[in-house]
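Here is the structure we will look at.
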Amino acid sequence: MSKKRKSSFRSKTVRHGKSAAASGRPAPPAELENILLGHIYSSPKPVSPADLAAKMAQAAPSKKGIIKALEHLVRINLVQKTGRNRFMLNRAAPLYAGTLTQHPKGFGFVEVMNSQDGPARPARDPFISRSRMGDAIHGDQVLIRVLRTKKDSRPEGTVIKILRRADDTLCGRLEKHGADVRVFPDDRRIPFIVTLDPENCRDVQSGSVVRVRYFRQDRARLILKGSLIEVLGRSDSPDTQRQLVIDKFELPHVFPGEIEVELKKITSGQDKLSQRTDLRDICHVTIDGETAKDFDDAVAVEKTVHGFRLYVSIADVSYFVSPGSEIDREAYLRGTSVYFPGSVIPMLPELLSNDLCSLVENQDRYTVSAILDFDQHGNLEKKEFTRSVIRSRRRFTYDIVKQIVIDGDPDARRQNIEFTDMLGLARQLAELLYTRRLKRGSLDFNLLEAEIILNEDDTVLDIHPAQRNFAHRMIEEFMLAANEAVAAFLRANMAAPLLRVHQPPDGEKVSEVIDFIKTLGINPREFVPEPSWFAAVIGEAKNTEHEYVVNNLLLRSLSQAHYSVEAIGHFALATQDYTHFTSPIRRYPDLIVHRQLLSLIEKRARGGDDSGYSARPVKESCVHLSARERVAIEAERDMDERLKVLFMRGQVGKNFSAVISGVQEHALYLEINRFCVSGIVPVDFLEDDYYIFDRKNFRLFGEITAKTYQLGDRVTATLVDVSTSSRQLSFKIIDRQQR
Numbered sequence: 007m008s009k010k011r012k013s014s015f016r017s018k019t020v021r022h023g024k025s026a027a028a029s030g031r032p033a034p035p036a037e038l039e040n041i042l043l044g045h046i047y048s049s050p051k052p053v054s055p056a057d058l059a060a061k062m063a064q065a066a067p068s069k070k071g072i073i074k075a076l077e078h079l080v081r082i083n084l085v086q087k088t089g090r091n092r093f094m095l096n097r098a099a100p101l102y103a104g105t106l107t108q109h110p111k112g113f114g115f116v117e118v119m120n121s122q123d124g125p126a127r128p129a130r131d132p133f134i135s136r137s138r139m140g141d142a143i144h145g146d147q148v149l150i151r152v153l154r155t156k157k158d159s160r161p162e163g164t165v166i167k168i169l170r171r172a173d174d175t176l177c178g179r180l181e182k183h184g185a186d187v188r189v190f191p192d193d194r195r196i197p198f199i200v201t202l203d204p205e206n207c208r209d210v211q212s213g214s215v216v217r218v219r220y221f222r223q224d225r226a227r228l229i230l231k232g233s234l235i236e237v238l239g240r241s242d243s244p245d246t247q248r249q250l251v252i253d254k255f256e257l258p259h260v261f262p263g264e265i266e267v268e269l270k271k272i273t274s275g276q277d278k279l280s281q282r283t284d285l286r287d288i289c290h291v292t293i294d295g296e297t298a299k300d301f302d303d304a305v306a307v308e309k310t311v312h313g314f315r316l317y318v319s320i321a322d323v324s325y326f327v328s329p330g331s332e333i334d335r336e337a338y339l340r341g342t343s344v345y346f347p348g349s350v351i352p353m354l355p356e357l358l359s360n361d362l363c364s365l366v367e368n369q370d371r372y373t374v375s376a377i378l379d380f381d382q383h384g385n386l387e388k389k390e391f392t393r394s395v396i397r398s399r400r401r402f403t404y405d406i407v408k409q410i411v412i413d414g415d416p417d418a419r420r421q422n423i424e425f426t427d428m429l430g431l432a433r434q435l436a437e438l439l440y441t442r443r444l445k446r447g448s449l450d451f452n453l454l455e456a457e458i459i460l461n462e463d464d465t466v467l468d469i470h471p472a473q474r475n476f477a478h479r480m481i482e483e484f485m486l487a488a489n490e491a492v493a494a495f496l497r498a499n500m501a502a503p504l505l506r507v508h509q510p511p512d513g514e515k516v517s518e519v520i521d522f523i524k525t526l527g528i529n530p531r532e533f534v535p536e537p538s539w540f541a542a543v544i545g546e547a548k549n550t551e552h553e554y555v556v557n558n559l560l561l562r563s564l565s566q567a568h569y570s571v572e573a574i575g576h577f578a579l580a581t582q583d584y585t586h587f588t589s590p591i592r593r594y595p596d597l598i599v600h601r602q603l604l605s606l607i608e609k610r611a612r613g614g615d616d617s618g619y620s621a622r623p624v625k626e627s628c629v630h631l632s633a634r635e636r637v638a639i640e641a642e643r644d645m646d647e648r649l650k651v652l653f654m655r656g657q658v659g660k661n662f663s664a665v666i667s668g669v670q671e672h673a674l675y676l677e678i679n680r681f682c683v684s685g686i687v688p689v690d691f692l693e694d695d696y697y698i699f700d701r702k703n704f705r706l707f708g709e710i711t712a713k714t715y716q717l718g719d720r721v722t723a724t725l726v727d728v729s730t731s732s733r734q735l736s737f738k739i740i741d742r743q744q745r
């Protein structure tokens, strides 16, 4: 029995033709205003009606029509009139330049670029309906006019001018159907397909991944003509998938030739040791994952009369990378390293990231050290920052440290006898810091993270939840402590420090989560926008069958942390002061923080008190680097999903224990914890009843059987289909586990 009744309707095809300006016919009033705004925006000086008529050429209406439209734009404060009948934009007008990101269904959003002279950036990216997109497509840089703000505070606008068209190339899957050769874009945000001349594709196998160039004359259509550029490889190849991710997110991955010239001039700098605090006698060690190659940080802990001294020594990238150099410009452009399973696109060239800057074992390395004194309760009593030189005594992995300090493994302790006392002190201090952090309300989410295991040819061997142990937490606590100490110092001593901030959550989003968790038997106290409220709910769900679902929903209700010069605090960490100081090899914001910190230290030593950084460049950097971080996160997530889909093709027909992580009218969404993958159960697969979507209770309800499928329920499901093109796993539920 089909699970829901079908409704009859007629589909309507909407064709988006040329604008009036493009077709040569006079534009209607609303479109005319947008055309005029686009021309005025692009003009470096005020323009007259005659200037505008000349720009519009054959599509120009009468001079009277132009003047009438300009007068209306003045009345609604989008344009202002200057002397001698000339017009210019009102600086406060809701016109924004940005990059259009389309959704597969056609609508899109514009990521607004930072502007020094225009209106303030909207709090959320403006929504653009397909009907208001004109000829723009995904990736185009556009000028938009915000028309209104919706109830959810999302601005809604219309494209009035294409400022720069996206590259006319795309990657996709080539398919042959008789005499037709079509390319379906890998990036599902691109709303058209490309046809190729079959004569030029004779040697290309159907199903191959290719790069093509398409012709923009037909850009308003759903099928465009194009030409083949190159064949990238098989769709089931991890290397091909990696290329597709690089292309989709436009990730810079080849260093320009000028950087090689600069690298040849870089030396280790060992002739300037006297200018640094010599910490080589301090027992520094690095603690990282098994496959790590770039070592940003080393730590050491000593016992003092009143408590503990913590050394957090971070690679001094600023010594090797000068502001304005080619290496610096490329690092800023990238913003961050991007990590894929088995590979990395580094922010810095390998000579720096894996050698000169990396804190490798038994080598002298330049560092910037935070020396922090804590009392016996974990309270910070004193802090000092200095340029330093260290020598890491041992390259530890998290597993080995766990064996030494947690498991008490006799072999591991015997092989590392000279480090056991120091690591024992590190454990004591980390436990104090962790306890204090939780007491102040800092959030400690328990989330599943996939570890994807590859063999030598990059084929996925296995996927399982990544294992975390106390050694991970120990390093995390030390890095948090250093980041907080540096942030507090910068905020107290300079006008525009680069900070890592996290805003309080939106109350409406949290209220939806509260409604759901009440259905699970969790009854939180009345909501207050404070970290302690979230911490209490996390604690109540801990070690229950609903822990992962509750943690994920709470996390989704929070905003994303970003970089800013405004000291608004970090909500999730429950601290006023936070920044990123500890990873300058892989994050450009940390490099800026190092430069700010060292500038303060050096100017203080000379009797000055100004860091030398103006507020505006740092503000602009915060916007750019926050955007680059988001791109990196999305690219890494996208690559993980591709590899998961390739792996799960070999699991079709198998049964899995799953948790319902989402409920919609058309489908249930599942999380398979064994492989850390997500999937979908279309309602058409629920054949035993007609199911109604109960939005209030986050469930599907059977009309006849009263059977329910609710968010958080555990089920047994069979994997029935894997679509590599849509990267979707489809399941069929065969049993519902007891609640």
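Residues 7 to 745 (the numbering used here) make up the sequence shown, in order. The beta carbon of each residue, even a glycine, is placed where N, CA and C say it ideally should be. As the structure is a computational prediction, the values presented were derived from the model and not from experiment.
- Pairing D193 with T373, the inter-Cα distance amounts to about 42 Å.
- In this structure, DSSP gives Q281 a helical state, which the three-state scheme calls helix.
- Two segments are said to touch when three or more pairs of C-beta atoms, one from each, lie closer than 8 Å; by this definition the region 460-474 does not touch the region 356-370.
- Counting C-beta pairs closer than 8 Å gives fewer than three between the region 265-273 and the region 229-247, which falls short of the contact rule.
- Residue ranges of uninterrupted beta strand (DSSP E) with 3 or more members, entirely inside the region 90-143 and ordered along the chain, are 92-95, 101-108 and 114-118.
- Contact between V307 and L486 is ruled out by a C-beta separation of about 15 Å, above the 8 Å threshold.
- Judged by DSSP in its simplified three-state form, Q86 adopts strand.
- Listed in chain order, the non-local C-beta contacts of H45 below 6 Å within the same chain comprise L58 and K61, local neighbours out to five positions each way being set aside.
- When DSSP states are grouped into helix, strand and coil, G384 belongs to the coil group.
- Under DSSP, the beta-bridge partners assigned to H508 are H576.
- V116 and G140 do not touch by the CB rule: their CB atoms are close to 13 Å apart, not below 8 Å.
- When C-beta atoms of the region 407-417 are compared with those of the region 381-397, fewer than three pairs fall below 8 Å, so the two segments do not count as touching.
- Here the alpha carbon of D644 sits roughly 7 Å from the alpha carbon of V251.
- Residue pairing for C177: DSSP places it in a beta bridge opposite R217.
- Proximity to R154 across G145, D146 and S135 peaks at S135, based on C-alpha coordinates.
- Of the candidates R419, A304 and G213, the residue whose Cα lies closest to the Cα of R399 is A304.
- E490 sits buried, since 16 or more C-beta atoms from the chains shown fall within 10 Å of its C-beta.
- Between the region 544-555 and the region 447-455, the count of C-beta pairs closer than 8 Å reaches three or more; the two stretches touch.
- When DSSP reads this structure, F314 sits in a beta bridge with K309 and F380.
- According to the DSSP secondary-structure assignment, K167 is paired through a beta bridge with L149.
- With respect to the C-alpha of V629, the residue from L649, Y594, F662 and L606 having the closest C-alpha is Y594.
- DSSP links Y715 through a beta bridge to L706.
- The alpha-carbon of V187 is positioned some 5 Å away from that of L202.
- The beta carbon of R92 is closer than 7 Å to those of P52, V53 and S54 in its chain, skipping five residues each way along the sequence.
- Ranked by Cα distance from E181, the first of V237, G104 and S159 is V237.
- In summary, T581 is buried, with 16 or more beta-carbon neighbours lying within 10 Å of its beta-carbon over all protein chains present.
- Rounded to the nearest whole angstrom, the CA to CA distance from N499 to H600 is 14 Å.
- Between the region 502-519 and the region 566-576 there are three or more C-beta pairs closer than 8 Å, enough to call the two in contact.
- Pairwise C-beta distances place the region 417-424 out of contact with the region 514-521, as fewer than three of them are shorter than 8 Å.
- Sequence-distant partners of K389 (beyond 5 residues in either direction) whose C-beta falls short of 6 Å from its own C-beta, in its chain, are L378 and A491.
- With a 10 Å radius around the Cβ and a threshold of 16 neighbouring Cβ atoms, R531 comes out exposed.
- In this structure, T714 and D741 do not form a Cβ contact; the two beta carbons are roughly 15 Å apart against a cut-off of 8 Å.
- Within the model, the alpha-carbon separation for R701 versus G112 is close to 26 Å.
- Comparing alpha carbon positions, the residue from F587, D727 and P503 closest to V651 is D727.
- Taking 8 Å as the cut-off, the beta carbon of A185 is found no closer than this to the beta carbon of I143.
- For Q734, the enclosing beta strand (DSSP E) starts and ends at Q734 to R742.
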